[in-house]
Amino acid sequence: MKIQSAKVIVTCPGRNFVTLKIETDQGVYGIGDATLNGRELSVASYLEDHVIPSLIGMDPRRIEDIWQYLYRGAYWRRGPVTMRAIAAVDMALWDIKAKMAGMPLYQLLGGRSRDGVMVYGHANGGDIAETVEAVGFYVDMGYKAIRAQTGVPGIKDAYGVGRGKLYYEPADASLPSVTGWDTRKALNHVPKLFEELRKTFGFDYHLLHDGHHRYTPQEAANLGKMLEPYQLFWLEDCTPAENQEAFKLVRQHTVTPLAVGEIFNTIWDCKDLIQNQLIDYIRATVLGAGGLTHLRRIADFASLYQVRTGCHGATDLSPVTMGCALHFDTWVPNFGIQEYMRHTAETDAVFPHDYRFEAGLMYCGEAPGHGVDIDEALAARYPYKPAYLPVARLEDGTMWNW
Ligand SMILES: O=C(O)[C@@H](O)[C@@H](O)[C@H](O)[C@H](O)CO
Ligand SMILES: [Mg+2]
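Residue numbers (UniProt numbering): 1 to 402.
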C-alpha cells in the first residue's frame, strides 16, 4: 500500500482552516487538520513544499515510522509549525488505518473507556451580570462544566469576551488589533465574578477560568488563593509556562487545580510540570502536539503522576481535530475534560462529521476512521482571508502577553 497523493486545502468558512488530505493507491483517504491561528500559510507551505514530496510512495500503515521520519528527519525539532504539520499527517494516517480496519478510531487506540466525554463551553460577558446570564444560557443547554470570563472595568477588550453567545473568534482583523491589560484591575474583579456565579448557581456545576498567560507566578498564586472558596475545576494558563519551574511558586500557595498546555508542542514542554506534579490537567491537543501518536505518549506519561487530560478545543482547531480529540477522549484512561467551542454552521457544512453533543457530554461517531470529512467543492467557495490574533499592551504602552 502506498501514499499516492496529498494536498493542502485552505478554506475560510468564517475563519481560516488548513486541511491535509492524503490519498492512497487503494482508494482510501485520510484527513488531517493543520490550522495555526494567525499563521496558517506557514504550515500550508511546510506541508506542500517540504513534507508532501517525501510522503509520496510511503506505506501509510507505518504511522509510527512516518512520525519519527518527520520529527527526527527535519533535524530542526519541535515548534508550532513543524508539530502541526506532523499532526496533520498523523491524523490522516490514523484515519486511513481505522477506515481500512473498518473501525472507529477509538477502537484502534484501545477501545472505549467511557460512555461520553464531558465538555466545557465558554460563557462570557462585558460585565459580571452579563457573564452570569451567559453561564445560565450554558446551564440551560445542559453543560455540566462552563468556563467563565468577564470584561474588567478599565481594561480595553479583556481576553475571552466575545461578541456572540456561542462563538468566540479573537482572530478578527487583517492586522493584530491592540487590546489592554492591567493585572491589578483583573485581580480585583475576577474573584467577584466567581462569588456571584456560586451564589447564583451553587456548587453543582464545574466552573473554569483562563488567565491566558497574563499573570506573574506570584500574581497567579494570589489569584488561585482568592478563588479557592469557589472550588474551580481549573485555573488555566495562570502564568506563562516556558519556565516550567514557575509553577512551583503557584503550587506552593494554592490548591486551586491548575491546567496548562494549549500552546505546548511536545512532551518536553510539560515533562517537569508533570513529573513534579505542578499541574492537574494537561491541555496539549492532537493538533498542537504532533498528532495522536505523540499526544498518547504525553497522556500515558501524565497518567503515572495522576495528571489528567483537558484538550484544547477552541474554534481555531477544525472539526477534524475535534473528531480526533473525541476518539482520543473516549479511550484515554486519565481523561479529565474536553474544551468545546462550537463551530459555525458554515464551518460544520464544510467539515461533515458524526460527533454530537447531548446533555453536557459529547460522543464520537461509530463510522470507520475519525469520522470527519471535508467537502472540497464547498471549501473552495471560501478563499483564505488574513486574520490575526490581537496583541495586548499595558496602560503605558508596554507589550504584554495576549
Ligand atoms: O482556552 C482557550 O480556548 C483559549 O486560550 C483559546 O481561545 C486561544 O486564545 C485560541 O485558541 C488562540 O488561537
Ligand atoms: Mg486557553
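From the three backbone atoms N, C-alpha and C, an ideal C-beta is built for every residue, glycine too. Since the structure is predicted, the reported quantities are computational estimates derived from the model, not experimental observations.
One or two residues paired with Met399 in a DSSP bridge:
Counting from 1 along the sequence shown, the entry for residue 399 is found at position 399. The partner list for Met399 (beta bridge, DSSP) reads Arg393.
In the DSSP assignment, find the alpha helix (DSSP H) that holds Asp272 and state where it starts and stops.
Along the sequence shown, one-based indexing puts residue 272 at 272. Where Asp272 is concerned, the enclosing alpha helix (DSSP H) stretches over 271-275.
Of the residues Pro53, Val89, Val43, the one placed nearest Tyr29, counting alpha carbons only
Stepping through the sequence shown from its first residue, residue 29 is reached at position 29. Minimum Cα distance to Tyr29 is reached at Val89.
Given this structure, state the Cα-to-Cα distance separating Gly125 from Val178, to the nearest angstrom.
Along the sequence shown, read from residue 1 onward, the residue named residue 125 stands at position 125. Along the sequence shown, read from residue 1 onward, the residue named residue 178 stands at position 178. Using only the alpha carbons, I get a separation of about 19 Å.
Which runs of the beta strand (DSSP E) at least 3 residues long sit entirely within the segment 112-184? Give them in chain order.
117-125, 145-150, 178-181
Rounded to whole angstroms, how far is the Cβ of Ile337 from the Cβ of Phe233, which I believe are closer than 8 Å?
Mapped onto the sequence shown, residue 337 falls at position 337. Mapped onto the sequence shown, residue 233 falls at position 233. The Cβ separation is near 7 Å, so the contact holds.
Comparing the CB of His206 with every heavy atom of ligand 2, is any distance shorter than 7 Å?
Here the question's residue 206 lines up with position 206 in the sequence shown. No, ligand 2 has no heavy atom inside 7 Å of this Cβ.
The segment 303-316 contacting the segment 339-349, beta-carbon criterion three pairs below 8 Å
yes
In the DSSP assignment, what residue or residues form a beta bridge with Lys248?
Here residue 248 refers to the residue found at position 248 when the sequence shown is read from its first residue. Answer by DSSP bridge pairing: none, since Lys248 is not bridged.
Phe264, DSSP secondary structure in three states:
By 1-based counting over the sequence shown, the position of residue 264 is 264. Phe264: coil per DSSP, three-state reduction.
Any heavy atom of ligand 1 closer than 7 Å to the Cβ of Glu40?
The sequence position of residue 40 within the sequence shown is 40, counting from 1. Because no heavy atom of ligand 1 lies under 7 Å away, the Cβ of Glu40 does not count as near it: no.
Using CA coordinates, which residue listed in Gly111, Cys270, His253 is at the minimum distance from Ala220?
Here the question's residue 220 lines up with position 220 in the sequence shown. Here the closest residue by C-alpha is His253.
The segment 104-113 / the segment 167-185 touching (three or more Cβ pairs under 8 Å)
no
What's the gap between the Cα of Thr330 and the Cα of Tyr384?
If you number the sequence shown from 1, residue 330 lands on position 330. If you number the sequence shown from 1, residue 384 lands on position 384. Each residue's Cα considered, the two are about 33 Å apart.
Is the beta carbon of Asn243 within less than 7 Å of some heavy atom of ligand 1?
Here residue 243 is taken as the residue at index 243 of the sequence shown, counted from 1. Answer for Asn243: no, Cβ out of range of ligand 1.
Tell me the rounded alpha-carbon separation between Thr150 and Lys156.
For the purposes of this step, residue 150 is identified with residue 150 of the sequence shown, where counting begins at 1. For the purposes of this step, residue 156 is identified with residue 156 of the sequence shown, where counting begins at 1. When rounded, the distance between both Cα atoms is 12 Å.
Within 10 Å of its beta-carbon, does Ala345 have 16 or more other beta-carbons around it, so buried, or fewer, so exposed?
Residue numbering aside, residue 345 sits at position 345 when the sequence shown is read from its first letter. Ala345 is exposed by the Cβ-count criterion.
Going by DSSP, what residue range makes up the alpha helix (DSSP H) through Tyr64?
Here residue 64 refers to the residue found at position 64 when the sequence shown is read from its first residue. In the sequence as presented, Tyr is not what sits at residue 64; that position holds Glu. Per DSSP, Glu64 belongs to the alpha helix (DSSP H) from 63-73.
For the beta strand (DSSP E) containing His209, name the first residue and the last one.
Locating residue 209 in the sequence shown gives position 209, counting from the first residue. Taken as a continuous stretch (DSSP letters only), the beta strand (DSSP E) holding His209 covers 206-210.
Would DSSP call Gly313 helix, strand or coil?
Sequence index remark: in the sequence shown, residue 313 carries index 313 (1-based). Three-state result, Gly313: coil.
Nearest-angstrom Cα separation, counted from Gln244 out to Asp272
Taking the first residue of the sequence shown as position 1, residue 272 is located at position 272. Taking the first residue of the sequence shown as position 1, residue 244 is located at position 244. The straight-line gap from Cα to Cα measures roughly 6 Å.
Looking at Glu236 and ligand 2, is the gap between the Cβ and the nearest heavy atom below 7 Å?
By 1-based counting over the sequence shown, the position of residue 236 is 236. Checking every heavy atom of ligand 2 against the Cβ of Glu236, one is found closer than 7 Å.
Glu339: CB within 7 Å of a non-hydrogen atom of ligand 1:
Mapped onto the sequence shown, residue 339 falls at position 339. Glu339 Cβ: within cutoff of ligand 1.
For the segment 321-377, list the alpha helix (DSSP H) runs that are entirely contained and at least 4 residues long, ordered along the chain.
345-350
One question on the structure: do Trp400 and Arg214 come within less than 8 Å of each other, judged by their Cβ atoms?
Here the question's residue 400 lines up with position 400 in the sequence shown. Here the question's residue 214 lines up with position 214 in the sequence shown. Cβ atoms of Trp400 and Arg214: closer than 8 Å.
Tell me, to the nearest whole angstrom, how far the beta carbon of Gly323 is from that of Val372; I am working on the premise that it is less than 8 Å.
As a working mapping, residue 323 is identified with position 323 in the sequence shown. As a working mapping, residue 372 is identified with position 372 in the sequence shown. Correct: roughly 4 Å between the Cβ atoms.
Is Met362 near Val117, with beta carbons less than 8 Å apart?
Residue mapping note: residue 362 aligns to position 362 of the sequence shown, counting from 1. Residue mapping note: residue 117 aligns to position 117 of the sequence shown, counting from 1. Result yes, Cβ atoms of Met362 and Val117 sit closer than 8 Å.
Given a threshold of 16 other Cβ atoms within 10 Å of its Cβ, counted over all protein chains shown, does Pro191 qualify as buried or as exposed?
Residue 191 sits at position 191 when you count from the first residue of the sequence shown. Answer is buried; the Cβ neighbour count reaches 16.
Smallest Cα separation from Ala302: which of Ala349, Leu175, Asp280?
Counted from its first residue, the sequence shown places residue 302 at position 302. Answer by Cα proximity: Asp280.
Taking one C-beta from the segment 254-268 and one from the segment 53-70 each time, how about it: are there three or more such pairs within less than 8 Å?
no
My output table needs one value for Val190: the three-state DSSP class, helix, strand or coil.
On the sequence shown, position 190 is the one that residue 190 refers to. Note: Val190 maps to helix in three-state DSSP.
Cβ distance (whole Å) where Val350 is taken to contact Pro13 below 8 Å
To locate residue 350, count along the sequence shown from 1; it is residue 350. To locate residue 13, count along the sequence shown from 1; it is residue 13. Indeed, because the Cβ distance is near 5 Å, the residues count as touching under 8 Å.
For the beta strand (DSSP E) that Ala284 lies in, which residues bound it at each end?
Position 284 of the sequence shown holds residue 284. It is not in any beta strand (DSSP E) - Ala284 carries neither H nor E in the DSSP assignment.
So who's on the other strand from Trp234, going by DSSP bridges?
Numbered from 1 along the sequence shown, position 234 holds the residue referred to as residue 234. Answer is Leu208, bridged to Trp234.
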